[in-house]
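Student: Protein chains in written order, with the numbering used here: chain F, 9 to 188; chain X, 9 to 188.
Every residue, glycine too, gets a C-beta built ideally from N, C-alpha and C.
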């Protein structure tokens, strides 16, 4: 095949298209009687704050088959992805293999909120070095380091201290990055 | 990231690692009272033989959440993949997006029969142009045409007349191709 003329952007789902962190924090705070906020997570992960005794339980919330079904959207994500979709080839590349129970719910969520992205452009994977694209927008620095192409870190509390990649602070910033 | 030193092989699941066709033919023959064999499918797809009136029902068998759970293995697949795994980076790349209900069953099947392949090396996708690998073994010629890398067609009745790619007739032939 000849490479497509349109540049290709690989978009992460969790903490990029979907506000997974808000939902996860709610579950943790309810279960543990804590009041952890996003601000508390600056440069840290939830596991760092709930402590080792609760890490397994915290991770368990993500294994629930329906956890990913009702995640809130990241502000601006639909409109900006729709705009980029007109100029770029958009693939959703989610590291879903960490939570195999999540596949159907993630798929339903994508079809609900990003119905313009065809099924064939959805990828559930693990190691993101398998992705062939020009750009990757992801909140995970290890994912970006594995990727061969231009990585762009999408700001999340846990990556606040990372400096290895160009950074976008939300979807308006993504639009600016791509000049749309 | 520096590209890995080991060459990477992307393996299709259905009709390559798993004998999906045998199980699918059984379902169709049971339901339609037909006696279609693999030999009847030379250069054709099941849809061509069951006829347009039954095509939706035939496809429906693949949408059942458990269809992919108990598929027989392709002869020799475990041993040869295990051997290749020692020299090459092995990724499973399944075009599972055609049947979103299949994700959990496909994952369980892989963990049962190919437990040595780590989760991070499993990919459920649609358009295989997203796959970055050196080789792809697939029974689908459209998948191989989309792939940037060396495509290898794994013989299945429906692709018997295709000539665009090097061909392997089963897993012993795969082992010969890679000199293992």
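1. Counting only beta-carbon atoms, is residue 181/X nearer than 8 Å to chain F?
2. Compare the C-beta of residue 173/F against all C-beta atoms of chain X and say whether one is closer than 8 Å.
3. With a threshold of 8 Å between beta carbons, is residue 7/F in contact with chain X?
4. Between residue 103/X and residue 144/X, what straight-line distance do the alpha-carbon atoms span, to the nearest angstrom?
5. Quick check on residue 16/X: does DSSP put it in helix, strand or coil?
6. Between which two residues does the beta strand (DSSP E) holding residue 143/X run?
7. Taking Cβ positions, are residue 99/F and residue 129/F nearer each other than 8 Å?
8. From residue 22/F to residue 96/F, what does the alpha carbon distance come to, in whole angstroms?
9. By how many angstroms is the C-alpha of residue 31/X removed from the C-alpha of residue 79/X?
10. With 16 as the cutoff for other CB atoms within 10 Å, does residue 9/X come out buried or exposed?
11. In the DSSP assignment, what residue or residues form a beta bridge with residue 160/X?
12. Per DSSP, which one or two residues make a beta bridge with residue 97/F?
13. Does chain X have any CB closer than 8 Å to the CB of residue 36/F?
14. On a CA-only basis, which of 141/F, 163/F and 173/F is nearest residue 15/F? Give me that one, please.
15. What in chain F is Cβ-close to residue 111/X, meaning under 8 Å?
16. Measuring alpha carbon to alpha carbon, tell me which residue in 162/F, 173/F, 112/F and 132/F is nearest residue 7/F.
17. I need the DSSP call for residue 102/X, collapsed to helix, strand or coil.
18. To the nearest angstrom, how far is it from the Cα of residue 36/X to the Cα of residue 66/X?
19. Between which two residues does the beta strand (DSSP E) containing residue 131/X stretch?
20. Can you list the alpha helix (DSSP H) stretches of 4 or more residues lying completely in the stretch 11 to 68 of chain X, in chain order?
21. Can you list the residues of chain F that residue 129/X reaches, using a CB-CB cut of under 7 Å?
22. Looking at the structure shown, is residue 152/F part of a helix, part of a strand, or coil, going by DSSP?
23. Which same chain residues, not among the five before or five after residue 48/F, have their C-beta less than 7 Å away from its C-beta?
24. Just to confirm my understanding: we take residue 174/F, look at its own chain, exclude 5 residues before and 5 after, and list those with CB closer than 6 Å. What are they?
25. For the candidate residues 26/F, 114/F, 73/F and 169/F, whose alpha-carbon lies nearest to that of residue 50/F?
Tutor: Well, looking at it:
1. Closer than 8 Å: no.
2. Against chain X, the CB of residue 173/F has no partner CB under 8 Å away; the residue lies outside that interface.
3. In the structure displayed, chain F extends from 9 to 188; residue 7/F sits before or after that span and is not available.
4. Their Cα atoms are separated by approximately 13 Å.
5. Three-state result, residue 16/X: strand.
6. Here the beta strand (DSSP E) through residue 143/X covers 140 to 146.
7. Yes, the Cβ-Cβ distance between residue 99/F and residue 129/F is below 8 Å.
8. Between the alpha carbons of residue 22/F and residue 96/F lies a distance of about 21 Å.
9. Straight-line Cα distance between these residues: approximately 6 Å.
10. The predicted position of residue 9/X is uncertain, since its pLDDT is 49 and thus under 50; a value taken from the coordinates is nonetheless stated next. Flag for residue 9/X reads exposed.
11. Per DSSP, the beta bridge partners of residue 160/X are 145/X.
12. 16/F, per the DSSP bridge assignment.
13. Closer than 8 Å: no.
14. When the alpha-carbon of residue 15/F is set against those of 141/F, 163/F and 173/F, the nearest one is in 141/F.
15. Result: 108, 111, 112, 115 and 132.
16. With chain F represented from 9 up to 188, any question about residue 7/F goes unanswered, as that position is not in the structure.
17. Here residue 102/X sits in strand by DSSP.
18. Cα-Cα distance, rounded: 6 Å.
19. 130 to 132 is the extent of the beta strand (DSSP E) around residue 131/X.
20. Taking only runs of at least 4 residues, the alpha helix (DSSP H) segments lying wholly in the stretch 11 to 68 of chain X are 28 to 40 and 54 to 58.
21. Neighbours of residue 129/X on chain F, chain order: 134 and 135.
22. Residue 152/F falls in the helix class under three-state DSSP.
23. These residues qualify, in order along the chain: 57.
24. Hits under 6 Å: 160.
25. The candidate whose alpha carbon is nearest that of residue 50/F is 169/F.
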